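In this note's numbering, the protein residues as written are 2 to 479. For glycine and all other residues, C-beta sits at the position ideal for the given N, C-alpha and C. What you are looking at is a predicted structure, and each value in this text was computed from that prediction instead of being measured.
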């Protein structure tokens, strides 16, 4: 079968459009709250150093490989892998890699839209000054209880969650239904500049706080003892956490980067565009830390309450107490929503592209169909926080006995499907594709030292690193 020369879905109008779209795919809720929290937990600057090394030695090579597969295949991940397996005279079982990415992206979207709905709910709450009520409370416990109660009211109300879940997906569908240039590109052309603008405004505010340097020190103070002895005993979990965060923060293995690569203009440099995306994604994560930690410290709060707690339970306290907190708190949750939407459109696109390629669906019908399916599956996540909170569907297995539907979907995608996807992407490109084809797509000589180093990383270093992340995720090192 001949591989299509161009995608039937169209192309990005420029290399910049691809960079904006791929950066939007990579930048998500995790960059805003997960990176700062894990940085503090594992030694600040020591963790940042290891994280950046993992980005360079694992994330960047795999992203280049995934873009290359998409650019060569010019189709959805499923059909790209089918074409490329035939071209390399390999088993058609390699289509499973495409299917895995499409299914993982779809499942992630189903719960991602629910969590993103939390951010949408907080925008009007911050704008109305709801959390300024903490100034009338007398004790720290009263303050934390007040904010925790507001959060509990949100997640405990299934109808309210469904409303925001629905709104988020409807807007996502509208963005994607317009096609590559009319929908995806138009969306990221205003979303990504807006995201960076809000980031810079919030950074400016953080720099004006009295504890800005304390936040900087917390984030960049190098403490290798805390990295390797996070709980008092020697452990490599800090290094493994850096590997995992580097891998997952770049949206690798879920089909998004591959399908975006399929829309890349023919002579766009894969190496240069990938480097730009990786740099922008890393910059957002670091800026998020420089924004969050000074705000937390300036209000006498602890950054140790990480993850969703930091964003939805701790930061609202800070915004409620600080000058102009209503304005900057609203901007912060607008930032979260923009980051979520930029990722969501890339999560649904692989499935939409495949449905259109079957010839049975128009782009609009495919997008609506995928959106409705993700909306319905998302009900499992909605109910996991309230009426199904006690339902543990796989409780008969010790590893899953405490996991709700939401926890199971999150675990299956983030800890199993994505690492395996990245691992097999590296193996296919570095070991199974013809060297001539790889160099042709990269537009580089096989004798180039940069190419040889990238191929070495992809063949040996990346599989080892991703393999360690995967083994850690399934509990081998625990």
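Residue i - DSSP class collapsed to helix/strand/coil
i, result
"residue 45", "strand"
"residue 477", "coil"
"residue 462", "helix"
"residue 223", "strand"
"residue 28", "coil"
"residue 215", "helix"
"residue 408", "helix"
"residue 140", "coil"
"residue 267", "coil"
"residue 323", "coil"
"residue 164", "helix"
"residue 395", "coil"
"residue 89", "coil"
"residue 84", "helix"
"residue 442", "helix"
"residue 129", "coil"
"residue 390", "coil"
"residue 347", "helix"
"residue 434", "coil"
"residue 21", "helix"
"residue 74", "helix"
"residue 67", "helix"
"residue 282", "helix"
Pairwise C-alpha distance: residue j and residue i
i, j, result
"residue 33", "residue 118", "15 Å"
"residue 159", "residue 382", "10 Å"
"residue 209", "residue 323", "12 Å"
"residue 42", "residue 231", "7 Å"
"residue 166", "residue 379", "8 Å"
"residue 443", "residue 26", "22 Å"
"residue 203", "residue 331", "11 Å"
"residue 142", "residue 85", "59 Å"
"residue 374", "residue 477", "34 Å"
"residue 5", "residue 357", "15 Å"
"residue 220", "residue 366", "46 Å"
"residue 395", "residue 417", "16 Å"
"residue 360", "residue 376", "24 Å"
"residue 200", "residue 211", "19 Å"
"residue 112", "residue 185", "21 Å"
"residue 370", "residue 190", "25 Å"
"residue 218", "residue 53", "18 Å"
"residue 368", "residue 402", "35 Å"
"residue 57", "residue 422", "19 Å"
"residue 163", "residue 227", "41 Å"
Close Cβ partners of residue i (< 6 Å) along its chain, the five nearest in sequence each way excluded
i, result
"residue 372", "170, 174"
"residue 108", "410, 414"
"residue 51", "240, 243"
"residue 123", "334"
"residue 329", "206"
"residue 387", "157, 159"
"residue 466", "59, 244"
"residue 269", "16"
"residue 29", "340, 344"
"residue 326", "320"
"residue 8", "75, 263, 264"
Cβ neighbours of residue i in the same chain (closer than 8 Å, five flanking residues each side left out)
i, result
"residue 419", "105, 248, 249, 253, 254, 255"
"residue 464", "424, 427, 428"
"residue 103", "77, 78, 79, 256, 351, 352, 355"
"residue 168", "118, 121"
"residue 470", "241, 244, 245, 248, 420"
"residue 316", "293, 296, 297, 330, 333"
CB contact check: residue i to chain C, cutoff 9 Å
i, result
"residue 90", "This model lacks chain C altogether, as it is built from one protein chain only."
7 Å CB neighbourhood of residue i in its chain, flanking five on each side removed
i, result
"residue 65", "271, 272, 275, 455"
"residue 89", "433, 434, 435"
"residue 67", "253, 258, 259, 262, 426"
"residue 213", "207, 295"
"residue 288", "200, 204"
"residue 110", "345, 348, 349, 375"
Supposed close pair residue i, residue j - CB separation, criterion 8 Å
i, j, result
"residue 302", "residue 318", "6 Å"
"residue 75", "residue 263", "5 Å"
"residue 406", "residue 385", "5 Å"
"residue 45", "residue 223", "7 Å"
"residue 13", "residue 265", "6 Å"
"residue 290", "residue 182", "Not confirmed; about 34 Å, so no contact."
"residue 1", "residue 47", "Any property of residue 1 remains undetermined from this structure, which presents the chain solely from 2 to 479."
"residue 177", "residue 20", "Their Cβ separation, rounded to whole angstroms, is 19 Å, which puts residue 177 and residue 20 out of contact at 8 Å."
"residue 430", "residue 70", "7 Å"
"residue 336", "residue 196", "6 Å"
Residue i beta carbon near the ligand ZN (any heavy atom closer than 8 Å)
i, result
"residue 221", "Here there are no bound small molecules, and the ligand ZN is not part of this structure."
Self-check item: Inter-stretch contact at 8 Å, needing at least 3 Cβ pairs: the segment 283-298 / the segment 33-43
Solution: yes
Practice problem: Evaluate the contact criterion for the segment 68-88 versus the segment 124-137: three or more CB pairs, one atom per stretch, below 8 Å. | Solution: no
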